[in-house]
Amino acid sequence: MTDTQGSREVDAIADRFVADYAALDPVAATFFGIPGHDGELADLSPDGYDARTELQRRAREAAAAATPVDVREEIAQLSFLERADVELDQAAAHYRQAKVSSIYSELHEIRGAFDLMGRDSEEEWSAMASRLAAVPRALEQWRTTLLEEAAAGRVSPRRQIGLVAEQVRTWTGRSGSGGDFFASIVEEATEATGVPEGLRSDLARRAEEASAAFVETAAFLDEELAPRGREQEAVGREQYQRDSRYFLGSMVDLDETYAWGWEELYRIETEMAEVAGKIAGAGASVAEAVAVLDADPSRQFDDAEEFRGWMQELADRTLADLNGTHFDIAEPLRTIECRIAPTHDGAIYYTPPSEDFTRPGRMWWSVPEGTEKFSPWREATTVFHEGVPGHHLQCAQAIYQHDKLNRWQRSMCWVSGHGEGWALYAERLMDELGYLADPAERLGFLDGQALRATRVIVDIGMHLELEIPKDNPFGFHPGERWTGDLGLEFMRQHVRFDDAMIVAETNRYLGLAAQAPSYKIGERIWLQAREEERQRQGAAFDLKTFHREALDLGSLGLDPMREALARL
82 MTDTQGSREV
92 DAIADRFVAD
102 YAALDPVAAT
112 FFGIPGHDGE
122 LADLSPDGYD
132 ARTELQRRAR
142 EAAAAATPVD
152 VREEIAQLSF
162 LERADVELDQ
172 AAAHYRQAKV
182 SSIYSELHEI
192 RGAFDLMGRD
202 SEEEWSAMAS
212 RLAAVPRALE
222 QWRTTLLEEA
232 AAGRVSPRRQ
242 IGLVAEQVRT
252 WTGRSGSGGD
262 FFASIVEEAT
272 EATGVPEGLR
282 SDLARRAEEA
292 SAAFVETAAF
302 LDEELAPRGR
312 EQEAVGREQY
322 QRDSRYFLGS
332 MVDLDETYAW
342 GWEELYRIET
352 EMAEVAGKIA
362 GAGASVAEAV
372 AVLDADPSRQ
382 FDDAEEFRGW
392 MQELADRTLA
402 DLNGTHFDIA
412 EPLRTIECRI
422 APTHDGAIYY
432 TPPSEDFTRP
442 GRMWWSVPEG
452 TEKFSPWREA
462 TTVFHEGVPG
472 HHLQCAQAIY
482 QHDKLNRWQR
492 SMCWVSGHGE
502 GWALYAERLM
512 DELGYLADPA
522 ERLGFLDGQA
532 LRATRVIVDI
542 GMHLELEIPK
552 DNPFGFHPGE
562 RWTGDLGLEF
572 MRQHVRFDDA
582 MIVAETNRYL
592 GLAAQAPSYK
602 IGERIWLQAR
612 EEERQRQGAA
622 FDLKTFHREA
632 LDLGSLGLDP
642 MREALARL
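For the sequence shown, counting from 1, position 133 maps to 214 in my numbering; every step adds exactly one.
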């Protein structure tokens, strides 16, 4: 299918778009695992954003005019057009140009790209130095863009801007105890072999300049952009519907979904109460069960590296166990690396392998500052989510499908509701298959499910400023309208994180509308798709076949996914 010399016009257009887009957005190319651009950064001036939008528009027009030659290419066309439409819709709203939030900004993208860059050869270290050298210019361009957007009335909330400025100060060692991220790159180069002294000196100089540019940008955010920022963090129904479609690839009824979130959270918490009784005795609360587990030294690690080793062992064991039974996992996919991230933001996340699998799929844990105890019972479900059968199987499987998917489908397309929905579905699948039979690990799984259901309620509620149901099952402020403060209060009642993490989660929802609910809503749609397939096939339905056919489609919007499954 990747032979674009023949009549596969849609595939040729998609492949060409990937190459052209990688040249215009080198950071995206690094995340996609596309080689050749690691020493570069994108043009973040208004003209640079316009160029990427124009490329998307031309590719969309060409793909719409193309004639697919078979069902697989019809699906590729369907997927490409859906993504192009939502991307262009967001571009028209100047979404990326103006976006500054505690979970997403161009600063986050640039900093994160350095984590994925190679460090094994002089050529890779030279690319590192070149990208570091490009940071001051790129951030100068971005600041210009932000001011232009603010002058047109398109600006992020003031509080979110301040949160990002503080994050940058922690990344650069100006606050917190984590040190300067850019200086840590120099330390790595000093310890590496085969890095000439002149290159090390260049890296040190460029890293210092990049760090200074980040610090300068933090000051700009605080002193110039924040005073122009919006007081209101709620985006309203129109923008939220657009954001929801972007993250899901599906148009959902927001009011029905909000009501479902309440029902789902009540169902999950009822199950949690039952499991708590098995851990701490009949009638015990979830909090009491958690206290029992946290007091058990056999369920704790005292060292981050020891915890990382546990994650690695569980990821490897699960991959080996599922291969050949519930999934057929090709040899290049059988390597996943678990790493401690160089930042301290508290997230656990996955980055996919490069196109040639020389960079493996990786599960990262950004250990929060001050964390001294690590609870594997909480995180077994997370390993399934990020590893196998979750993101690693999903992403690596798509990259491997050279005979079925074009380059855009394999490497560049990512839909949050599809990807995060699959990862949540993968957790539930592991529960269905009996891998979470230990009451402690099942409590961890249900706790994660409760978090995702809480997100649906809080995120939709806060951004649409909806009424809290008068008959809600928790008796929570019946009849009042959601605010950020009420969202934080509700999170504190239903999410078992330390308070700093709960605050960070709530800030995330306020700063990136509709993304967090895409996990649970995506899982819901995956389950609906499975049931639709079961109904279509009747007695011939096979779960392993369903998973293979669905994953072989690559990432795509959830509505196109359901349509594609019906065509196969």
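Backbone N, C-alpha and C define an ideal beta-carbon position, used for all residues, glycine too.
G464 vs A396 beta-carbon contact at 7 Å:
The question names Gly, but residue 464 is Val in the sequence shown. Yes, the pair counts as a contact, with Cβ atoms nearer than the cut-off.
Rounded to whole angstroms, how far is the Cβ of G603 from the Cβ of L505, which I believe are closer than 8 Å?
7 Å
Residue range of the alpha helix (DSSP H) that E630 falls in?
L624 to L632
Rounded distance between the beta-carbons of V108 and A194, thought under 8 Å:
5 Å
Report the CB separation of E229 from V236 in whole angstroms; it is logged as a contact under 8 Å.
With a Cβ gap of about 11 Å, E229 and V236 do not count as contacting.
Specify the secondary structure class of M353 as computed by DSSP and reduced to three states.
M353: helix per DSSP, three-state reduction.
Nonlocal neighbours in the same chain, by C-beta distance under 7 Å from F438, ignoring five residues either side
P413
Mapping the DSSP letters down to three states, classify M82 as helix, strand or coil.
Below a pLDDT of 50, predicted positions are generally treated as unreliable, and M82, at 41, falls in that range; the measurement from the model is reported next regardless. Here M82 sits in coil by DSSP.
If I measure Cβ to Cβ from R533 and keep anything under 7 Å in the same chain, skipping five residues before and after, which residues do I get?
Result list for R533: L505, Y600 and K601, in chain order.
Express the C-alpha separation of W252 and I417 in angstroms, rounding to a whole number.
26 Å
By DSSP, does C476 sit in helix, in strand, or in coil?
helix
Once the 5 residues before and after M82 are set aside, which same chain residues still bring their CB inside 7 Å of it?
Residue confidence for M82 is low, a pLDDT of 41 falling below 50, so the modelled location carries little weight; the figure read from the coordinates is stated next. Only R89, D92, R153, D484, K485, L486 and N487 meet the Cβ criterion.
Uninterrupted alpha helix (DSSP H) stretches inside the region 368-449 (no shorter than 4 residues):
385-403
For E467, does the count of other Cβ atoms within 10 angstroms reach 16, so buried, or fall short, so exposed?
buried
Taking the alpha carbon of E352 as the point to measure from, which residue in F526, G129 and R287 has its own alpha carbon closest?
F526
Taking W343 and P554 to be in contact with their CB atoms under 8 Å, please state how far apart those CB atoms are, rounded to whole angstroms.
Rounded, the Cβ-Cβ distance is 7 Å, consistent with contact.
Helix, strand or coil, according to DSSP, for E598 in the structure here?
Per the sequence shown, residue 598 should be read as Pro rather than Glu. If DSSP states are grouped into helix, strand and coil, P598 belongs with the helices.
Is the region 107-125 touching the region 155-171, taking contact as three or more C-beta pairs under 8 Å?
A contact between stretches requires three or more CB pairs, one per stretch, nearer than 8 Å, and the region 107-125 fails this requirement with the region 155-171.
Per the DSSP calculation, D261 is bridged to which residue(s)?
T253
Quick check on DSSP: helix, strand or coil for F455?
strand
DSSP three-state call for R577: helix, strand or coil?
coil
Segment limits, alpha helix (DSSP H) that includes M543:
P520 to L545
Using the DSSP secondary-structure output, state which residues sit across from E501 in a beta bridge.
Bridge partners of E501: none, in fact.
How about V469 and L403: are their beta carbons less than 7 Å apart?
yes
Grouping DSSP H, G and I as helix and E and B as strand, with all else coil, what is E304?
Helix at E304.
What residues in its chain sit with their C-beta under 8 Å from that of D375, if we drop five residues either side in the sequence?
The residues Q381, K454 and S456, in chain order, have a CB closer than 8 Å to that of D375 in the same chain once the five nearest residues on each side in sequence are set aside.
Can you list, in chain order, the residues of its chain whose CB lies under 8 Å from that of A521, leaving out five sequence neighbours each side?
I360, L374, R380 and W458, listed in sequence order.
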